[in-house]
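A.B. asks: To start, I am sharing the structure in question, which I have written as structure tokens.
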Amino acid sequence: MLKPSLEHSPEEDISSERRNYFAIDALKAFAIALVVLDHSLTWDLKHAIGGPLWERISIPFFLIVMGFNMGLSFRRSGGTTLRELYSWSYFKKKFIRYVAPFIVLYAALWLLGLYFNSIYFSEYSLLLLPPFSGPGDWFIPVLFTSILVFPLVYKGYTIRPKLTVSLCFISELLLGVFLFFNAPQVWNGVAYTYTSSTVAFMVSAIRLNILFYLPAVGLGLWFSSDFDIKSKHNLFMWIAFPLSLAYTFAYQFLDYRVLVADATTIRRLIWGDYTFLMYPYVALFFLLAMKYLPADVTGRVSRHIAMIGKASYHILLFQIFYFSIWYHFFDIQSIGFPTPLHHLAFYSLNLPVCLAGGLGWYHLERRATTETRSWWDHPWMMRGRYFGLAGLSLFMMTVVVEIASFFTGLTNWAENNIPYFVLNEDTGPGVMLNISIIIIFLGLCMYFIYKAFESGEEPIPV
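All residue numbers for the sequence shown refer to the numbering used here, where the first residue is 3 and numbers rise by one.
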């Protein structure tokens, strides 16, 4: 059984927080398995099996764990000022842990998009959504915005804990009220849609931001001070849990929604099942896991579960890659399985594939990491970056050539006359400019390839 940190002296607190809690890894392993399940089922089937009561709790689990780990990590670092919390080491660690693997995924999805001729760039690319989309990629901007917000939240928590957690809940409420008045959905004869593409983008920008999910983070941060389910610190849970359970039950079985609707317009105040009304329901299971799961890894099964939990981020990224291929050919709502049992077989395939891919990725990173060098600085990663820059140079060459052709009139010439590479007084300047552009970018590409082969001879870390 785990002992809550407040039962010990401050020195013992720091010591106990330096080790990993098996319960945290177990919860992350359970949650990532549910994520794969969520992406293996249709919405109708998820509703039929009571998804919000058990299957849809994966993201709330991750958010609560993020808040819990934030409290332990910042407390262990000893930072007390914003300058110390927003330190270079903090951002470097987050870059290596989260941003760098996403760059690898983004490059892989970009190549997939090229192969399938299905790259899609839009204003949503500004939210860091990949050009070749996969289910679950919406969580990436939520995670990245948390890197910017968490130090400020923790600083507030060290000064006024109750007020800070309250503000976390108010954050979602204020954003919900803003969307209620500024993002109505209007009936267009077929479905309810936003009044403009700008409004739709605004909704995504808000809902793909950690500020919209701070209530769950605030609960996790609160539990980082004391996670004893029976303590006075957590007495509020015995009131919040039944209320949250009632909302979740009504949401699932009674189709209850907090909105205002008339014949033509819907205005939502509470958005979906990832909301402050649901988080206390999930939080109680978090506290039960922290109390009753063993403190340490004791056997082979526990070690495997803990490893899956530690690799959960890489599993999330790999399943985005994996499902992006599946759903390029089959939409989740029309995949065509005749019975729910076929979805069970589908999940039985997806889960081991995603676990193996994510664990393999995580293992490679660990093998490439030493005491003095992160995996990102491994010679083979540097080589990969240079090859990526070489490919990017060729891509940018085509973009710049198209732009130059448009402004010099070559594009118009090609549409209305003979091929634009024929030299004459009209095409000559544009052709010569494009030749110069091609030479420059080919030279840049060759330079990056040269640097790639100059990046060391250390073997591949497999």
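The beta-carbon is built from N, C-alpha and C at its ideal position, and this holds for glycine as well.
Indicate whether Ser-60 and Ala-25 have their beta-carbon atoms separated by less than 7 angstroms.
C.D. replies: No, these two residues do not count as a Cβ contact at 7 angstroms.
A.B. asks: Report yes if the C-beta distance between His-330 and Trp-363 is below 7 angstroms; otherwise report no.
C.D. replies: Contact: no.
A.B. asks: Check whether the region 260-271 touches the region 176-184, counting contact only when three or more Cβ pairs, one atom from each stretch, lie closer than 8 angstroms.
C.D. replies: They touch, by the three-pair rule.
A.B. asks: Measuring alpha carbon to alpha carbon, tell me which of Gly-220, Leu-221, Asn-190, Leu-177 ends up nearest Ile-208.
C.D. replies: When only C-alpha atoms are compared, the closest one is Leu-177.
A.B. asks: Just to confirm my understanding: we take Ser-395, look at its own chain, exclude 5 residues before and 5 after, and list those with CB closer than 6 angstroms. What are they?
C.D. replies: Counting only Cβ-Cβ distances below 6 angstroms, and skipping sequence neighbours, we find Phe-443, Leu-446, Cys-447.
A.B. asks: Quick one: grab the DSSP three-state call for Tyr-422.
C.D. replies: Caution applies to Tyr-422, whose pLDDT of 48 falls short of 50 and renders its modelled position unreliable; the value that the coordinates give is listed next. Note: Tyr-422 maps to coil in three-state DSSP.
A.B. asks: For the beta strand (DSSP E) that Thr-277 lies in, which residues bound it at each end?
C.D. replies: Neither: Thr-277 is in no beta strand (DSSP E) and is coded neither H nor E.
A.B. asks: Between the alpha carbons of Phe-450 and Tyr-388, how many angstroms are there, rounded?
C.D. replies: Roughly 5 angstroms separates the two Cα atoms.
A.B. asks: Whose C-beta lies closer than 6 angstroms to the C-beta of Pro-153 among residues of the same chain, with five residues either side of it excluded?
C.D. replies: Correct list, in chain order: Leu-87, Tyr-88.
A.B. asks: For the alpha helix (DSSP H) that Arg-85 lies in, which residues bound it at each end?
C.D. replies: Segment 84-87, the alpha helix (DSSP H) holding Arg-85.
A.B. asks: Okay, do the region 94-101 and the region 45-61 touch, 3+ Cβ pairs below 8 angstroms being the bar?
C.D. replies: As far as the Cβ criterion goes, the region 94-101 does not touch the region 45-61, which means the pair count is below three.
A.B. asks: Consider the C-beta atom of Phe-255 and the heavy atoms of the ligand GTP; say whether any pair is separated by less than 6 angstroms.
C.D. replies: Annotation note on the ligand GTP: not contained in the displayed structure, which lists no ligands.
A.B. asks: So, at 7 angstroms on beta carbons, what are the nonlocal neighbours of Lys-453 in its own chain, with the 5 sequence-adjacent residues on each side left out?
C.D. replies: Once the five neighbours on either side are set aside, the close Cβ partners of Lys-453 are Tyr-388.
A.B. asks: Let me make sure I understand the geometry here. Which of Ala-370, Gly-386, Leu-318 has the alpha-carbon closest to that of Leu-145?
C.D. replies: The shortest C-alpha separation from Leu-145 is found at Leu-318.
A.B. asks: Between the region 206-226 and the region 61-79, do at least 3 Cβ pairs fall closer than 8 angstroms?
C.D. replies: Touching, per the Cβ criterion.
A.B. asks: Quick one: any contact between the region 186-193 and the region 131-143, if contact means 3 or more CB pairs under 8 angstroms?
C.D. replies: Short answer: they don't touch.
A.B. asks: Alpha carbon to alpha carbon, what distance is there between Asn-352 and Met-384?
C.D. replies: Cα to Cα, Met-384 sits roughly 32 angstroms from Asn-352.
A.B. asks: Exposed or buried, which one is Thr-267 when buried takes at least 16 other CB atoms within 10 Å?
C.D. replies: Thr-267 is exposed by the Cβ-count criterion.
A.B. asks: Can you tell me whether Ala-265 is buried or exposed, with buried defined as 16 or more other CB within 10 angstroms of its CB?
C.D. replies: It counts as exposed.
A.B. asks: According to DSSP, what are the bridge partners of Tyr-194?
C.D. replies: DSSP output for Tyr-194 lists Trp-189 as bridge partner(s).
A.B. asks: Closest by CA to Phe-214, which one among Cys-170, Asp-230, Tyr-249?
C.D. replies: Of Cys-170, Asp-230, Tyr-249, the residue nearest in Cα terms is Cys-170.
A.B. asks: Grab the span of the beta strand (DSSP E) containing Ala-263 for me, first residue to last.
C.D. replies: From DSSP, the beta strand (DSSP E) with Ala-263 extends over 261-263.
A.B. asks: Between which two residues does the alpha helix (DSSP H) containing Ile-161 stretch?
C.D. replies: Its alpha helix (DSSP H) spans residues 141-161.
A.B. asks: Could you tell me which whole beta strand (DSSP E) segments of length 3 or greater appear in the region 377-415?
C.D. replies: Whole beta strand (DSSP E) segments, 3+ residues: zero.
A.B. asks: Ordered along the chain, which non-local residues of its own chain (more than five positions away) have a Cβ less than 6 angstroms from that of Thr-73?
C.D. replies: Note that residue 73 is Gly in the sequence shown, not Thr. Contacts found: Leu-223, Ser-226.
A.B. asks: Cβ of Arg-85 less than 7 angstroms from any chain C Cβ?
C.D. replies: Looking at the structure shown, chain C is missing, and only one protein chain is on hand.
A.B. asks: Tyr-281: which of Met-239, Asp-298, Tyr-258, Leu-357 sits nearest, CA to CA?
C.D. replies: Ranking Met-239, Asp-298, Tyr-258, Leu-357 by Cα distance to Tyr-281 puts Met-239 first.
A.B. asks: Going by the DSSP bridge assignment, what does Ile-268 pair with across the sheet?
C.D. replies: Note: Ile-268 sits in a beta bridge opposite Gln-187, Ala-263.
A.B. asks: Near Phe-118, which residues of its chain fall below 8 angstroms by C-beta distance, leaving aside the five closest residues on each side in sequence?
C.D. replies: Closer than 8 angstroms at the Cβ level, and outside the excluded window around Phe-118, lie Phe-134, His-330.
A.B. asks: If you run the structure through DSSP and keep just helix, strand and coil, what is Pro-133?
C.D. replies: In the structure shown, Pro-133 sits in coil (DSSP, three-state: anything other than H, G, I, E or B).
A.B. asks: Quick one, are the C-beta atoms of Leu-130 and Ile-121 less than 7 angstroms apart?
C.D. replies: The answer is no: Cβ separation not under 7 angstroms.
A.B. asks: Should Ser-91 be labelled buried (16 or more other beta-carbon atoms within 10 Å of its own) or exposed?
C.D. replies: The residue in question, Ser-91, is exposed, as its Cβ has fewer than 16 Cβ neighbours within 10 Å.
A.B. asks: Would you decide whether Met-399 is buried or exposed? Buried here means 16 or more other CB atoms lie within 10 Å of its CB.
C.D. replies: Under this definition Met-399 is a buried residue.
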